[in-house]
Each structure stands twice: as C-alpha cells, then as structure tokens.
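**Q** One structure follows; several queries about it will come next.
Chains as they are written, first to last, in our numbering: chain A, 562 to 825; chain B, 8 to 363.
Right, here's the structure in full:
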C-alpha cells in the first residue's frame, strides 16, 4: 500500500477514535449509575435488542408495597410487556456483560393522554429497578446549589386547578436541571387523562429526552423543608414549538399505581 | 366586589421589602397585565375576553401572563413558634378546624386528618390526644424524639385547615429542621398561612381577626383571590363541549408523537377559566369568526362564568418529548467502531510489511 494510503488509514483511525471518544459522555445523568437517581437517562421500549428504543429520564423515586424501590417515568417511554418492557440505564449496551439491564416497568398508563378513553390513566409508569441501587437524592449540583444531593421529602398536593410553587425545577438528562427561583403557577389542563398541569416553558425549559424527568419544588410542607416532587415531565404544547411544559402530577400517578414516594 | 377589593388593597400598603411578607394576589388581575383583548363580549350574561394571537413569540395573553399577576405585599412577622401560630389562628378562625397529624413510631410514619373543636393550641393538643390516644406535640422534631428509642408512638400537628363556604384557610406549621443551605431562602419557601377565596370581604375580615389575635401584628402568609369555582360537573361539560366543537371544526390532526388542533381548557377549577382554541380552518380568524366559535362553545357547554378567557393560537396540541435517537446512534457505532479499527490497523500493518 503506497504512503498516501497509509496516511489515509492513519487518518481514519484518528477520526474513528475521535468519534469513539465523543460517544463517551460526561459523567452523570447519561452515565451508567449505581445507585440510579432522579434525572438519569434510561432506554426502554426497544422493539428488538438491535433496534434503538426510546430515551427518557427517571422521575419520582418510589417504593412499592412490597418494598421494591424504583422511579416513576413516563408511560410513553416504556412498554407494558415484551422486550420493550425492559429498562436499560443509561442505554442498551451490547458490549457490557449485563447489557446495562436495570429493571423492568410496570406500565398501566397511557402513551397518549389526549386520545386516551380511560381518563383515569396517567402518562406514567413505574420503573422497578434491578441490578442497581436506588437513591432518592436529587443532584442539586446540576441546579444552582452546587455540591448538594437532597432527598425528596414528599409530594406536592394536587387537589387544586392552580398550584403556586416557589423554586420550581426539573431534572432530566437532556437539559440537566432547569427552572426558576421565582414563584410559578401551574395550571391544570382538563383535556388530558391522568392529571396534567401546564407551566410556561421559559420557566422550566425542556427538550426531547426529558420526558419522565422529575419536576420538583423546594418548599416547606407540614413542618419540613426540602425537595417536594410535583410530577414528571410528559410533553409540551403546542406541538412543534412548545410554549408550555406538560407535567403529570406525582400525587396522582403514585396513587394510581398504589406506590408511595421514597422519601427522607 | 371591586369596592371591597379596593379597600383590601388600601389596607395593604406596599413598602420596602422585608424578609417575611403578607402577599395578596387576585387572579382576575391577570386581565390587567395581559395584552388588550381583541374583543370583550357578553354571552348569556357572562363576560368573555377574546384574544387572537398572530404568533406565539412574545405572546402576552393571560395564559402567558399568569405569573405576572400583581402581588401586593406588606411586611409581616412570623409567630414565635407553633404554639403561638395555632393560638392566633384558632382565636381568629376557630374553633372548628381539621388538623393534619403525623404519627411517628416504630412502624414508620402515618398521616391523619382529624376534625376537632379547639379555642387554642393547648385544647388542640388535648382534643387530638383524646382521638389518637398518644402524646401530641406541636413540633415535629419533638414528636420524633419522643417516639424514638422504643418509647412508642407520638403525634405532631403539622397543619390545620378551616373551610368556609367560599374561603379556605390553610395553616402550615413552622419547620423545626431547616437544612443549612436552605435557610437563606426560608422566607421564599415557607408560608405559614394561606387563604384561598372568591370573597374579598371575607378575606378582609379574616385578615383583621388574625391581626387582632396576633396583638396588632400582620401574620406572614399568602392570599389568593380567584373569581369563581367551576365544579367537577361543570368542568366535565366544558370538556364535552371541546370534544364536540373539535369535531365540528375538524381541526384535530394526529401524529406519532402528539396531536394538533385541540381545544385546551386550562385553570378552570378556580378561574379565570382559560380556553385555548386552534385557528378554525387553519387561518387566523377575524373577530367575528372568533366570537362565533366561542359562542358555539358556550352553547355546547352550557357553562360560562365571568370572566372567561378565550385565546386563539396559530397552533395548539401536545407533543411527547421522549427522544427516539441518541446522538450519535450508539448501537450501530458500537457494532462498527471496533471492527473498523481492527480492519484499518490490519491494513496499515500489512502495508508496512509489504514496504519492508
């Protein structure tokens, strides 16, 4: 092989190596984590092992009645059965011994809260975590408070059509922690199944991949101050360039699945 | 109603901000901070404000101004502790209240709501103790310490609420343990008293009674005034009207990741109710067309309360924000990177040997 071809071959090696490095993501929300925690990336809803699934974020930490820990995510991020029921964290990896398998979902929810006939169904599913530990600590280091990981202390009540909350934030793998220190009003949108609230996207920026991510407020409830789960990100409206973020209420989803928040 | 609101406002003179405040906001005032409506019309005695948006950038309709509702603030004080907080509230709005209790003990934590009649914090603890049969404290940390080390269960009163016909007063007990990194923002995140009401006169009375019970001090808290309540049954009628009108307009389009052209019904439980319509026929409606659509909606729903907001947006709908593709696509890369490196390396080695 003449010298130019050797040089071309070396160039190819360099380019391929750069691509390989570029695919190695920054430590944190898109890394293989143990324990997993709110905001980490997951892949589920894979039709088959070699076909890409749906990439979402982990939301509210929960405990089942049987004592199994897990995290709430969006129902449209996973399937109730089949290969798509399996959850991989951060994504399915053919080359790792366990393929990054991290559990399965209990999905009694709806993938389509607008067209859903059964209005009780939320766009929420429970990821029962296996092969990993579960932490209920929210990485506030991604927010404005560097260095702290605070536990979820409870759930914000959702018995009103408008909820005012201080310090509304969200954590999802696509945009990390976003939100505002200002007081924000969430408004209930009647048109969707489950219980969905809307908030202006400028107050809580989201992007593709943040579905399922934890929405929380830093507030004081019943004598305890800290992080209170509001819900999970499920989408935006209108379609195309959303002006508002759609949030499935945590209280509603947990009650629907008969699980409790993993608090304290 | 307006006159009474003015009196309420005059009672709350904005001054330089202090750490704790009494904040009053009237959600109807969102109409004052939003853009001018394209039309204000009366439908069956109900006033509807109609907005027609050309585009969604820099929109300033009520739905985009809901967080800009003016908040009237007055410097206020925190009570000395939960005992004083409950004494003040029970004197002002008691004695019949619903107490929120947390029971701590070996089996974990349990939450209860108990209706009691009490004139002060001492009676409150006693009445609750008679119901639960265990020691009752006003401080959660004290209750937890009491129940620790196998000493059995203990209860802490963590909140109260009082329900009037058109007003609810919520009391949130003072936190005993505040993480150090949250102490500087405590005035922003802790609200001792919240009053939600459709009746400004009753709110004024309650605030006066609270101030009297607090010895002339203004208690920190928040007041939210809203114009009306729409019942569950009425909300169901609004929803059915939206479904029917969407069919008539033919605006709904389905996509794999969402839907376009739907009618949103937002924040209607406590008002003002905000309806978001798509453009009928896909083009920006004139005022007459918009009014016709809104009248048809009200006719179908049989529900309309003053004020109602109707916004026409160039696009409505919903989209899911899961990601379908990781950038770069990882599974194929994993499959090809290593073999590609091996092949190219082998070629280079072979070429070098050949040269030798």
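Yeah, the Cβ is synthetic: ideal placement off N, Cα and C, and Gly gets one too.
#1: Using a Cβ-Cβ cut-off of less than 9 angstroms, list which residues of the stretch 778-811 of chain A approach chain B; keep chain order.
#2: Hey, is residue 230 of chain B's beta-carbon within less than 9 angstroms of any beta-carbon in chain A?
#3: Anything in the stretch 68-84 of chain B with a Cβ closer than 9 angstroms to a Cβ of chain A? List those residues in chain order, please.
#4: How long is the line joining the alpha carbons of residue 66 of chain B and residue 43 of chain B, rounded to whole angstroms?
#5: Going along chain A, which residues have a C-beta under 8 angstroms from residue 26 of chain B?
#6: Are the CB atoms of residue 164 of chain B and residue 79 of chain B nearer to each other than 9 angstroms?
#7: CB-CB under 8 angstroms to residue 62 of chain B, same chain, minus the five flanking residues each way: which ones, in chain order?
#8: From the DSSP output, read off the bridge partner residues of residue 50 of chain B.
#9: Hey, is the stretch 639-647 of chain A in contact with the stretch 811-821 of chain A, meaning 3+ C-beta pairs nearer than 8 angstroms?
#10: Which residues of the stretch 155-169 of chain B have a Cβ closer than 8 angstroms to any Cβ of chain A? Give them in chain order.
#11: Could you have a look at residue 166 of chain B and say whether DSSP puts it in helix, strand or coil?
#12: What do you get for residue 119 of chain B, buried or exposed, if any count of 16 or more other CB atoms within 10 angstroms of its CB means buried?
#13: Look at residue 270 of chain B and residue 253 of chain B and say whether their C-beta atoms are less than 9 angstroms apart.
#14: According to DSSP, is residue 635 of chain A part of a helix, a strand, or is it coil?
#15: At what residues does the beta strand (DSSP E) containing residue 739 of chain A begin and finish?
#16: Assuming residue 621 of chain A and residue 599 of chain A are in contact, meaning their beta carbons sit under 8 angstroms apart, how far apart are those beta carbons, in whole angstroms?
#17: Along the chain, where does the beta strand (DSSP E) containing residue 809 of chain A start, and where does it finish?
#18: Using a Cβ-Cβ cut-off of 8 angstroms (strictly less than) and excluding sequence neighbours within five positions of residue 287 of chain B, which residues of its own chain qualify?
#19: What residues are listed by DSSP as bridge partners for residue 320 of chain B?
#20: Tell me whether residue 204 of chain B sits in a helix, a strand or coil according to DSSP, three-state version.
#21: Can you list the residues of chain B that residue 768 of chain A reaches, using a CB-CB cut of under 9 angstroms?
#22: Helix, strand or coil, according to DSSP, for residue 771 of chain A in the structure here?
#23: Just the chain A side, please: which residues come within less than 7 angstroms of residue 277 of chain B by C-beta, in chain order?
#24: Can you tell me whether residue 124 of chain B is buried or exposed? The criterion is at least 16 other CB atoms within 10 Å of its CB, across all chains shown.
#25: Find the nearest neighbour of residue 36 of chain B within the set B:28, B:77, B:247, judged by alpha-carbon distance.
#26: Determine whether the Cβ of residue 147 of chain B lies closer than 9 angstroms to any Cβ atom of chain A.
#27: In chain B, which residues lie less than 8 angstroms from residue 679 of chain A when you measure between Cβ atoms?
**A** The structure says:
#1: 778, 779, 780, 781, 782, 783, 784, 785, 786, 787, 794, 795, 796, 797, 798, 799, 800, 801, 802, 803, 804, 805, 806, 807
#2: In the second chain, counting from the first residue as 1, residue 230 of chain B sits at position 223. Answer no: the Cβ-Cβ gap between residue 230 of chain B and chain A never drops below 9 angstroms.
#3: 70, 71, 73, 74, 76, 78
#4: The residue given as residue 66 of chain B occupies position 59 in the second chain. The residue given as residue 43 of chain B occupies position 36 in the second chain. Distance between the alpha carbons of residue 66 of chain B and residue 43 of chain B: 12 angstroms.
#5: For this step, residue 26 of chain B is matched to residue 19 along the second chain. The premise fails here: residue 26 of chain B is roughly 14 angstroms from chain A at the closest Cβ pair, so nothing lies under 8 angstroms.
#6: The residue given as residue 164 of chain B occupies position 157 in the second chain. The residue given as residue 79 of chain B occupies position 72 in the second chain. Contact flag unset, no.
#7: Stepping through the second chain from its first residue, residue 62 of chain B is reached at position 55. Once the five neighbours on either side are set aside, the close Cβ partners of residue 62 of chain B are 321.
#8: What you label residue 50 of chain B is simply residue 43 of the second chain in a count that begins at 1. In DSSP, residue 50 of chain B forms a bridge with B:53.
#9: no
#10: 163, 165, 166
#11: Counting from one through the second chain, the residue named residue 166 of chain B turns up at place 159. Note: residue 166 of chain B maps to strand in three-state DSSP.
#12: On the second chain, residue 119 of chain B is found 112 positions in, with the first residue counted as 1. Classification for residue 119 of chain B: exposed.
#13: Walking along the second chain from the start, residue 270 of chain B turns up at place 263. Walking along the second chain from the start, residue 253 of chain B turns up at place 246. It is a contact, given that the beta carbons lie within the stated cut-off.
#14: Translated into the one-based positions of the first chain, residue 635 of chain A becomes position 74. Of the three classes helix, strand and coil, the one that applies to residue 635 of chain A here is coil, per DSSP.
#15: As a working mapping, residue 739 of chain A is identified with position 178 in the first chain. Note, residue 739 of chain A: beta strand (DSSP E), 737-741.
#16: Position 60 of the first chain holds residue 621 of chain A. Position 38 of the first chain holds residue 599 of chain A. Yes, residue 621 of chain A and residue 599 of chain A are in contact; Cβ-Cβ is about 7 angstroms, under 8 angstroms.
#17: Taking the first residue of the first chain as position 1, residue 809 of chain A is located at position 248. 805-810 is the extent of the beta strand (DSSP E) around residue 809 of chain A.
#18: Within the second chain, residue 287 of chain B is the residue found at index 280, counting from 1. Excluding sequence neighbours, residue 287 of chain B sits near 256, 258, 296, 300.
#19: Numbered from its first residue, the second chain carries residue 320 of chain B at position 313. B:285, per the DSSP bridge assignment.
#20: As a working mapping, residue 204 of chain B is identified with position 197 in the second chain. DSSP places residue 204 of chain B in strand when its eight states are reduced to three.
#21: The residue labelled residue 768 of chain A in the question sits at position 207 within the first chain. Neighbours of residue 768 of chain A on chain B, chain order: 328, 330.
#22: Residue numbering aside, residue 771 of chain A sits at position 210 when the first chain is read from its first letter. Three-state result, residue 771 of chain A: coil.
#23: Here residue 277 of chain B refers to the residue found at position 270 of the second chain. What residue 277 of chain B touches in chain A: 721, 722, 723.
#24: As a first step, residue 124 of chain B must be located in the second chain, where it is residue number 117. Answer is exposed; the Cβ neighbour count stays below 16.
#25: Numbered from its first residue, the second chain carries residue 36 of chain B at position 29. Comparing Cα-Cα distances from residue 36 of chain B to each of B:28, B:77, B:247, the minimum goes to B:77.
#26: Mapped onto the second chain, residue 147 of chain B falls at position 140. So, interface residue.
#27: On the first chain, position 118 is the one that residue 679 of chain A refers to. Here the premise fails: no neighbours, minimum Cβ distance about 14 angstroms.
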